[in-house]
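In this note's numbering, the protein residues as written are 97 to 686.
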């Protein structure tokens, strides 16, 4: 935080927006410290490059992970050098240096009174020890002087009586007596000072005890403040998580609304499909009628040809008129046949379009089902996360006002999740009710249409074979009636009809082949997407479980411990990670 406040001295670059990205640090959460240091380092490098015009070498860049996790001194020194470079090289360098000194003085004055009291205590103890040594030396000197005076008095009593004032020994005795009196006075003074020092030492000892007690109280208060700060960080993170969960619930609501719209679209497509099926049935009836008319036309054309062969120069005008009337009817029937062929082609195209729309509706229904499953899985995960947060908040109790607000938010989230889950269950029941009917009807209709198409193709082939046989018979009859007449050629209209039929069959076969290819490719892609999605989900689940069941010797946050406890209470078995999803069989394997 000291480096952060040092870097935050240039308001033109390190503004309030940049300040908002830095989060409050806690002693136990070193990852938050690493993220804050990374942001500060990135801002300093951009400041060096954009404002100061300097490029920092790689060897001067510190390792943020070592600083945040282990508190490496060398890497911290590199970071401090970069901070001081920013402070010294900016425009307000004098203010920055003064701010650095004030910050250092502010940090040094926190426990100044404790160090001063400890120094006073040490000085007083040293002085007491010195006075005790001096007192012992004075007492030894006093005892030696007393012994010397006693010996001198004995000598004086044994010696001849002389004038004490004139002899040297008398002078010495007086001098010694005066010295002894001075030493006695000094002894009294030292004893008094010793008593004073002892009393003062006792007072200082009591003050030291009071200061140690006060220091212990302050350390306890600091620890409580740190724990409260950690709890506030945890609550702040949980509030952020709750906001994210609210956003997820809103997105799920929007997805549910989209799901309802898609279901309505599926119903509209089903209604259109029924209309198209009715139309196809009508077209099939018209196709049957056209086939019957075609057979009649072919029989009429054969009869006209035979009539032409039999008509000779001796025919009457009535016979010729009848002949021309039959020719006109044949031409009219041929034109109607062409129109019916065109209608048949258009009906086949409509049938292909209806089948494509049916496939699209089935694909959309499959995507909706997969999305519904994924939504339910995410809702279950969110519910487990909300339960974890709720248990963590219940254990923490009502220590702050934020916890009560978070509980209210969690209760609202739980209600919203229950409502969303109930809506999902209702919509899923509606889908389950609609799916078997729609799938059964569609499959039956598609099978019926395919059988009808096969029957039509077989009828067309039979008609062509009959037509060939009739032509051969007509040729043989003409040859028998008039052997000189050249062989009868096939009319261009009949040949055109035959060509159209062959081309139509070829197109139908080609479209069926393309349809099978696209359908198989689509199924394969869908299976691969589902398998990749579930594999990714299982990998993420394994990663989350691995993080939750990590090594216990590492520093863990409060939320991680609560998650481990909740998972332990739920009885999360390690065999869950061995499950594997088989996308081709749509089952889970152990």
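Even glycine gets a Cβ: it sits at the ideal position worked out from N, Cα and C.
What you are looking at is a predicted structure, and each value in this text was computed from that prediction instead of being measured.
Cβ-Cβ separation, residue j to residue i (assumed contact under 8 Å), whole Å
| i | j | result |
| --- | --- | --- |
| residue 450 | residue 372 | 4 Å |
| residue 244 | residue 272 | 7 Å |
| residue 156 | residue 174 | 6 Å |
| residue 227 | residue 290 | 6 Å |
| residue 603 | residue 471 | With a Cβ gap of about 43 Å, residue 603 and residue 471 do not count as contacting. |
| residue 607 | residue 389 | Contact doesn't hold; Cβ gap of about 26 Å is too wide. |
| residue 329 | residue 125 | 6 Å |
Backbone secondary structure at residue i - three-state DSSP
| i | result |
| --- | --- |
| residue 166 | helix |
| residue 291 | helix |
| residue 309 | helix |
| residue 451 | helix |
| residue 629 | helix |
| residue 233 | helix |
| residue 150 | coil |
| residue 157 | coil |
| residue 118 | coil |
| residue 125 | coil |
| residue 208 | Its pLDDT being 49, under 50, residue 208 is placed unreliably by the model, and nothing is read from it. |
| residue 109 | coil |
Option nearest residue i by Cα separation, candidates the options
| i | options | result |
| --- | --- | --- |
| residue 132 | 156, 469 and 161 | 161 |
| residue 557 | 544, 595 and 572 | 595 |
| residue 57 | 241, 444 and 225 | This structure leaves residue 57 out entirely; the chain is present only between 97 and 686. |
| residue 446 | 634, 547 and 379 | 379 |
| residue 367 | 642, 232, 296 and 454 | 454 |
| residue 387 | 364, 429, 365 and 360 | 429 |
| residue 268 | 356, 241, 224 and 134 | 241 |
| residue 223 | 322, 296, 591 and 341 | 296 |
| residue 135 | 152, 457 and 110 | 110 |
| residue 356 | 302, 467 and 307 | 467 |
| residue 440 | 600, 630 and 117 | 600 |
| residue 178 | 168, 169, 152 and 166 | 152 |
| residue 565 | 630, 374, 550 and 394 | 394 |
| residue 479 | 456, 508 and 250 | 508 |
| residue 384 | 551, 487 and 370 | 551 |
| residue 345 | 236, 249 and 481 | 481 |
| residue 548 | 381, 623, 572 and 634 | 381 |
| residue 78 | 473, 619 and 118 | In the structure as shown, the chain starts at 97 and stops at 686, and residue 78 therefore has no counterpart that could be examined. |
| residue 270 | 375, 288, 249 and 572 | 249 |
Close Cβ partners of residue i (< 7 Å) along its chain, the five nearest in sequence each way excluded
| i | result |
| --- | --- |
| residue 460 | 358 and 362 |
| residue 632 | none |
| residue 283 | 234 and 238 |
| residue 442 | none |
| residue 145 | 151 |
Close beta carbons around residue i, own chain, < 8 Å, minus the five adjacent residues each side
| i | result |
| --- | --- |
| residue 281 | none |
| residue 207 | Because the pLDDT of residue 207 is 44, which lies under 50, any placement of that residue in the model is unreliable, and the question is left without a value. |
| residue 343 | none |
| residue 209 | Low local confidence applies: a pLDDT of 49 at residue 209 is under 50, so the model's placement there is unreliable, with the coordinate-based value given in what follows. Nothing listed; no residue qualifies. |
Any chain C beta carbon closer than 8 Å to residue i
| i | result |
| --- | --- |
| residue 470 | Given the protein chain composition of this structure (a single chain), no chain C is represented. |
Own chain partners of residue i with C-beta closer than 6 Å, once the 5 adjacent residues on each side are dropped
| i | result |
| --- | --- |
| residue 436 | 386 |
| residue 276 | 241 |
Any non-hydrogen atom of the ligand SAM within 7 Å of residue i CB
| i | result |
| --- | --- |
| residue 295 | The ligand SAM is not among the ligands present in this structure, which contains no ligands whatsoever. |
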